[in-house]
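>
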């Protein structure tokens, strides 16, 4: 949590002992677990960071250790961008110009 003049901003805190050791790309695990790692870290960042600049900063901090662990840079960036776009679509207000209309239904007692 970062205190600005009139507001608080939130970002992800990592302990000093954090080593950035994550699941390596060439480890004997399914590809879906490795991609799930990228998605999970991105969702966590999206839910915690309170501003766009902090979000971009944290996404860069997600990319570095993954690339160091032999993940393809374009895969990491693509997955992070996909998750951010998906998050923005789900949280954006839906603007529609719909007009309401009435339909009268007749009821016959047969």
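Numbering (the numbering used here), first residue to last: 343 to 452.
We put the CB at the ideal spot given by N, CA and C, even for glycine.
Since the structure is predicted, the reported quantities are computational estimates derived from the model, not experimental observations.
(1) Considering only the beta carbon of each residue, do residue 391 and residue 352 sit closer than 8 angstroms?
(2) Restricting to Cα atoms, I'd like to know which of 448, 399, 406 and 377 is closest to residue 424.
(3) Put residue 351 into one of helix, strand or coil per three-state DSSP.
(4) Mapping DSSP to helix, strand and coil, what is residue 444?
(5) Going straight from the alpha carbon of residue 441 to that of residue 402, what length do you get?
(6) Please name the residue, chosen from 370, 407, 389 and 413, that lies closest to residue 432 on a Cα-to-Cα basis.
(7) Whole angstroms is fine: what's the gap from residue 349's alpha carbon to residue 369's?
(8) Pull up the distance between the alpha-carbon of residue 448 and that of residue 420, whole angstroms please.
On the basis of the supplied data:
(1) Going by C-beta atoms, residue 391 is nearer than 8 angstroms to residue 352.
(2) Residue 377 is the option with its Cα nearest to residue 424.
(3) Looking at residue 351 - three-state DSSP - the assignment turns out to be strand.
(4) Note: residue 444 maps to coil in three-state DSSP.
(5) Between residue 441 and residue 402, the alpha-carbon positions lie close to 44 angstroms from each other.
(6) That would be 389, whose Cα lies nearest to the Cα of residue 432.
(7) Their Cα atoms are separated by approximately 43 angstroms.
(8) Computed Cα separation, rounded: 55 angstroms.
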